[in-house]
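Visitor:
2 protein chains.
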Amino acid sequence: VERLSDIGEFALIERLKEIFGAETAPYVEIGIGDDAAVLNLTPGARLVVTTDALIEDVHFVLDRIEPRVLGRRAVAANLSDIAAMGARPRCAFVVLGLRPHANVDYVLEIARGMAELALEYDARIVGGDITRSPNALSLTLTVIGETTDGLLTRSGARPGDAIMVTGHLGGSAAGLGIAANPSVGVSMSRKEVDALLKRHNDPTPRVREGIALAGAGLATSAIDVSDGLAGDLRHICEMSRVGASIDPEKIPIDRSTHLAAGWLGQDAIALALTGGEDYELIFTCPADGTDAARAAIAPTPATEIGVITDEPGLRLVGASAPRYERYLRSFDHFKR
Amino acid sequence: VERLSDIGEFALIERLKEIFGAETAPYVEIGIGDDAAVLNLTPGARLVVTTDALIEDVHFVLDRIEPRVLGRRAVAANLSDIAAMGARPRCAFVVLGLRPHANVDYVLEIARGMAELALEYDARIVGGDITRSPNALSLTLTVIGETTDGLLTRSGARPGDAIMVTGHLGGSAAGLGIAANPSVGVSMSRKEVDALLKRHNDPTPRVREGIALAGAGLATSAIDVSDGLAGDLRHICEMSRVGASIDPEKIPIDRSTHLAAGWLGQDAIALALTGGEDYELIFTCPADGTDAARAAIAPTPATEIGVITDEPGLRLVGASAPRYERYLRSFDHFKR
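Residue numbers (the working numbering), protein chains in the order written: chain U, 1 to 336; chain V, 1 to 336.
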């Protein structure tokens with residue numbers, strides 16, 4: 001018998017694509033394989049739809065996150081996929097998998113967090129389902145967004161394009177490490193610790209930035225960082241049929257991530273390459289378009305970390321390249 | 001501490017409505033509380049969206065259903081909600097919660113069943129997510145439909161309207177009973193047993209019937225039977241601010257459901273009132289419109305079982321009414 005742990009998440013997705021994509025429909029502009037699906041159901045309307053689940057003890061640990069923040073995070077993870085398409089989030093649908101003895105106040109706090117974060121991006125939670133889930137709390141969201149002008153996909157990167165990253169990477173993984181080892185953070189200031197924990201628990205989806213890049217037609221491709229820079233950049237390369245060359249020392253990493261990584265006995269650049277859940281955007285743009293792209297998303301910073309190449313695959317350049325070769329594999333939920 | 005099992009599913013939904021519905025948006029025509037949400041994102045386009053989860057050992061037992069049939073059922077349950085709004089299903093999104101050691105062929109068979117049933121109703125599976133779920137297989141679907149003409153809601157029933165039911169009720173509960181007690185079915189013909197098992201495992205969503213009723217403006221309200229006739233008709237009463245009076249002996253129940261109920265030591269009418277998951281449509285129409293409604297959905301039968309009343313609440317009439325009073329409560333996933 002072939003087990004999921006033998007073939008991994010991405011091979012399974014390839015096989016599902018064959019099954020689900022066997023019959024096409026004219027209204028499906030983009031199906032499985034990008035950050036979200038794009039539908040043209042009505043002329044003039046382009047819907048962008050994504051769905052994503054958070055499961056207890058897989059994506060979060062109950063005692064380490066406030067319920068309100070957990071609700072915010074579930075919505076943020078989905079809005080990040082809408083942002084990576086350059087669309088405007090509109091409506092969210094929530095399936096809550098709950099234990100029969102769940103604390104009602106706890107559940108309502110999750111809901112308040114969801115409503116709150118959705119509203120910050122002018123989206124509304126308009127439907128859902130409640131179901132019994134005896135073994136684990138689960139939060140499954142579907143978000144519908146729309147765009148009338150541009151669209152960011154994973155498939156438009158061209159050789160010579162600059163590779164850019166918004167904000168800073170590795171902070172979510174560092175925050176996760178601190179949450180799991182609270183004593184580690186003691187030598188950092190409370191403010192720095194809280195900022196890192198927030199990076200993991202309560203990330204900021206780059207909705208405004210995605211819309212700005214798509215609207216101005218400044219980016220040739222984009223993806224959000226959910227599996228780690230290496231894995232997600234590799235998705236752009238595969239979908240665009242190009243390669244990428246990046247300098248690990250150019251990856252934007254802030255001071256507290258460096259500090260936390262040191263205390264955790266880890267390497268901050270490795271955390272950025274493999275850590276995931278930073279929910280920043282990786283995007284590509286013409287080499288002469290980096291200033292315009294930076295201006296469009298300011299004050300959020302964007303850092304150039306490399307270049308798209310003809311030769312397929314992901315390569316590291318620069319003095320520290322050899323040290324990070326082994327972090328180029330991508331995270332797989334199943335494969336060991 | 002207040003537990004979910006103290007207040008139940010429906011009280012929780014009321015509280016979630018307050019939280020999620022606190023801020024309205026002009027594009028939300030129908031939010032939480034109907035079979036699906038209705039969105040007017042673009043002028044001229046009316047989207048109908050529903051989401052629903054099937055969880056192992058809550059909604060199905062692995063050894064009692066073929067994976068392909070399980071996939072069909074997950075899609076059918078969601079299409080039924082689209083049907084109850086009178087809309088045309090278009091796209092489905094699937095979140096698969098899988099164990100790391102899941103058998104890949106088994107998962108692909110589920111996917112084939114999903115694709116197959118969706119295609120039978122001209123819908124496509126266009127996106128989704130795969131996540132690790134260590135304790136239970138879960139299938140969460142979101143379906144987007146659209147309608148350019150009519151819409152069926154839970155809120156339009158008027159006193160004097162006839163209460164109609166498509167097909168036959170109780171068959172799903174009888175099939176579930178037989179699946180759990182295989183020896184019971186031995187005295188029925190194989191064909192009858194298989195038909196009942198199909199009613200539970202592989203139900204038929206009434207998509208064509210819902211579209212026909214909505215398109216011709218023949219029904220004043222509708223809901224699909226997922227929690228049992230009593231509970232679901234009560235939802236129409238509450239949303240329409242009316243009451244209902246039905247004769248239990250008029251509930252359409254077929255011969256094999258009666259037989260199976262007898263063998264199981266249960267009452268077929270009680271199964272119809274409380275059993276749920278028949279995925280037939282309950283709809284209301286003007287008293288002089290029952291023939292037109294029947295003609296619109298033929299050859300699927302529709303049976304008149306009662307009348308909408310001014311007085312709120314659900315009442316039974318006829319000779320056997322006293323025997324079934326105790327089956328008027330609705331199924332709650334949490335409350336005991």
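All C-beta atoms, glycine included, are put in the ideal place defined by N, C-alpha and C.
Remember, it's a predicted structure, so these values are computed and weren't measured experimentally.
#1: Can you grab the Cα-Cα spacing for the pair THR257(U) / GLY21(V), in whole Å?
#2: How long is the line joining the alpha carbons of SER155(U) and ALA84(U), rounded to whole angstroms?
#3: Along the beta strand (DSSP E) that carries VAL48(V), what are the first and last residues, could you check?
#4: Identify every residue that forms a DSSP beta bridge with MET337(U).
#5: If contact means a Cβ-Cβ distance below 7 angstroms, which residues of the region 2 to 21 of chain U contact chain V?
#6: Which of the three DSSP states, helix, strand or coil, is assigned to SER138(V)?
#7: Tell me, please, whether the CB atom of VAL133(V) is closer than 7 angstroms to any CB atom in chain U?
#8: Between the region 274 to 306 of chain V and chain U, which residues of the former have a C-beta closer than 8 angstroms to a C-beta of the latter?
#9: With a 10 Å radius around its C-beta and 16 neighbouring C-beta atoms as the bar for buried, classify GLY373(V) as buried or exposed.
#10: Could you give the DSSP three-state label for GLY215(V): helix, strand or coil?
#11: Where do the N-terminal and C-terminal ends of the beta strand (DSSP E) with THR131(V) fall, by residue?
#12: If I'm right that THR284(V) touches ILE308(V) with Cβ under 8 angstroms, what's the distance once you round it to whole angstroms?
#13: Bridge partners for LEU314(U) per DSSP, in chain order?
#14: Name the residue from LEU12(U), LEU39(U), ASP161(U) and SER226(U) whose alpha carbon lies nearest to the alpha carbon of THR24(U).
#15: Quick check on THR290(V): does DSSP put it in helix, strand or coil?
#16: For GLY97(V), go through chain U and note every residue whose CB falls closer than 8 angstroms to its CB, in chain order.
#17: For chain V, is any of its Cβ atoms less than 7 angstroms away from the one on ARG112(U)?
#18: What residue range is occupied by the uninterrupted beta strand (DSSP E) comprising ALA222(V)?
#19: Within a Cβ cutoff of 8 angstroms, which residues of the same chain sit near ASN181(U), ignoring the five residues on either side of it in sequence?
#20: Could you name the residues of the same chain whose beta carbon sits closer than 7 angstroms to that of PHE60(V), not counting the 5 residues immediately before and after it, in chain order?
#21: Three or more beta-carbon pairs under 8 angstroms between the region 159 to 170 of chain U and the region 232 to 248 of chain U, yes or no?
#22: Check the DSSP bridge columns for ALA96(U) and list the partner residues they point to.
#23: Quick check on the DSSP output: the alpha helix (DSSP H) that includes ALA37(V) runs from which residue to which?
#24: Give the residues from the region 64 to 92 of chain V that approach chain U closer than 7 angstroms (Cβ to any Cβ), ordered along the chain.
#25: For ILE125(V), decide whether its Cβ has a neighbour in chain U, counting only Cβ atoms nearer than 7 angstroms.
#26: Of the residues that make up the region 23 to 47 of chain V, which ones have a beta carbon closer than 8 angstroms to any beta carbon in chain U?
#27: Hey, does ALA173(V) have any beta-carbon neighbour from chain U nearer than 7 angstroms?
#28: If you count every other CB in all the chains shown that lies within 10 Å of the CB of GLU9(U), and 16 or more means buried, which is it?
#29: May I have the straight-line CA-CA distance separating THR131(U) from GLU56(V), to the nearest angstrom?
#30: Quick one: is GLY128(U) near chain V, going by C-beta distance under 7 angstroms?
#31: Can you tell me the Cα-Cα spacing of THR153(V) and ALA222(V), whole angstroms?
#32: Apart from the five residues on each side of it in sequence, which residues of its chain come closer than 7 angstroms, Cβ to Cβ, to ALA212(U)?
#33: What's the C-alpha gap between VAL58(V) and GLY150(U)?
Guide: The short version:
#1: Between THR257(U) and GLY21(V), the C-alpha separation is close to 38 angstroms.
#2: For SER155(U) and ALA84(U), the distance between alpha carbons rounds to 12 angstroms.
#3: Start and end: 47 to 55.
#4: With chain U covering only 1 through 336, there is no way to say anything about residue 337(U).
#5: Those residues of the region 2 to 21 of chain U placed with their C-beta closer than 7 angstroms to a C-beta in chain V are GLU2, ARG3, LEU4, SER5, ILE7, GLU9, LEU12, ILE13, ARG15, LEU16, ILE19 and PHE20, ordered along the chain.
#6: In the three-state DSSP reduction, SER138(V) falls in the strand class (E or B).
#7: Residue identity check: residue 133(V) is Ser in the sequence provided, not Val. Chain U, which has a Cβ nearer than 7 angstroms to the Cβ of SER133(V), makes this yes.
#8: Per Cβ criterion, the list is empty.
#9: Beyond the ends of chain V as shown, which are 1 and 336, falls residue 373(V); an answer cannot be given.
#10: Looking at GLY215(V) - three-state DSSP - the assignment turns out to be helix.
#11: In the DSSP assignment, THR131(V) falls within the beta strand (DSSP E) that extends over 124 to 132.
#12: That pair is a contact at about 6 angstroms.
#13: The partner list for LEU314(U) (beta bridge, DSSP) reads ALA244(U).
#14: Ranking LEU12(U), LEU39(U), ASP161(U) and SER226(U) by CA distance to the CA of THR24(U) puts LEU39(U) first.
#15: DSSP places THR290(V) within a helical segment (H, G or I) once states are collapsed to three.
#16: The CB of GLY97(V) comes closer than 8 angstroms to the CB of ALA53, ILE55 and SER138 in chain U, given here in chain order.
#17: At a cut-off of 7 angstroms, the C-beta of ARG112(U) has a neighbouring C-beta in chain V.
#18: For ALA222(V), the enclosing beta strand (DSSP E) starts and ends at 221 to 224.
#19: Counting only Cβ-Cβ distances below 8 angstroms, and skipping sequence neighbours, we find LEU264.
#20: Cβ-Cβ distances below 7 angstroms link PHE60(V) to LEU54 and LEU70 in the same chain, with the five nearest sequence neighbours on each side left out; the list follows chain order.
#21: Result yes; three or more Cβ-Cβ pairs closer than 8 angstroms.
#22: What sits at residue 96(U) in the sequence shown is Leu, not Ala. As computed with DSSP, LEU96(U) is found in a beta bridge with ILE130(U) and LEU139(U).
#23: First-last for ALA37(V): 37 to 39, but that is the beta strand (DSSP E), not the alpha helix (DSSP H).
#24: Those residues of the region 64 to 92 of chain V that come within reach of chain U (Cβ to Cβ, closer than 7 angstroms) are ARG90 and CYS91.
#25: It does: the Cβ of ILE125(V) has a partner Cβ on chain U nearer than 7 angstroms.
#26: Those residues of the region 23 to 47 of chain V that come within reach of chain U (Cβ to Cβ, closer than 8 angstroms) are GLU23, THR24, ALA25, TYR27, VAL28, GLY31, ILE32, ALA36, ALA37, LEU39, LEU41, THR42, GLY44, ALA45 and LEU47.
#27: Taking Cβ atoms only, chain U never reaches closer than 7 angstroms to ALA173(V), which makes this a no.
#28: With 16 or more Cβ atoms within 10 Å of its Cβ, GLU9(U) is classed as buried.
#29: Looking at the two C-alpha atoms, the distance is approximately 11 angstroms.
#30: Yes, its Cβ sits closer than 7 angstroms to a Cβ of chain V.
#31: Their Cα atoms are separated by approximately 6 angstroms.
#32: Taken in chain order, the residues that qualify are ALA296 and ILE297.
#33: A straight-line Cα-Cα distance of about 43 angstroms links VAL58(V) and GLY150(U).
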